[in-house]
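**Q**
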Amino acid sequence: MAGPHVVNVLRILWVVITIWYELGVFFNSVSSCNWPDANLQSPSPSTVDTPSHVLLVADPQILDHRSYPERGLFLTYLSRLVVDLNIRKNWWAALRKRPDVVVFLGDMMDGGRIDMPEDE
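For the sequence shown, my numbering assigns the number 47 to the initial residue and increments by one for each residue that follows.
(1) When DSSP builds the beta bridges, which residues end up paired with A104?
(2) In the structure shown, what three-state DSSP assignment does Y123 receive?
(3) Look up S78 in the DSSP assignment and say whether it is helix, strand or coil.
(4) May I have the straight-line CA-CA distance separating V149 from V100, to the nearest angstrom?
(5) With distances taken from CA atoms, which of V103, H111, N136 is nearest F72?
(6) Pairs of beta-carbons, one from the region 101-116 and one from the region 124-133, closer than 8 Å: are there three or more?
Here it is as structure tokens:
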């Protein structure tokens, strides 16, 4: 009778560890990363300059239907789902820092301009 209980405890432990390392550690490390506003403040109290916060997003590699043509439909869907969820999680974490400007660098798509016709 102890076998099913051990398996259930291991399943619950696996789910908790997976959630912690997928979300908990990520958001914990993001919350400890702050803008260096104190180092950028003017030494003169009469000057009220607030620094601008610029978020640079470098080459996010968004997958599309041309990213991995050799994969089957299910694996392509699963790859896009996982990548989209990861990008969404990172975007939410970045927006919690309240940047003034967001700059996207790179071609954004995984295939780049090589796979796209000129009219697209």
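Idealized CB from N, CA, C, for every residue including glycine.
**A** Reading it off the structure:
(1) L151
(2) helix
(3) coil
(4) Using only the alpha carbons, I get a separation of about 7 Å.
(5) N136
(6) yes
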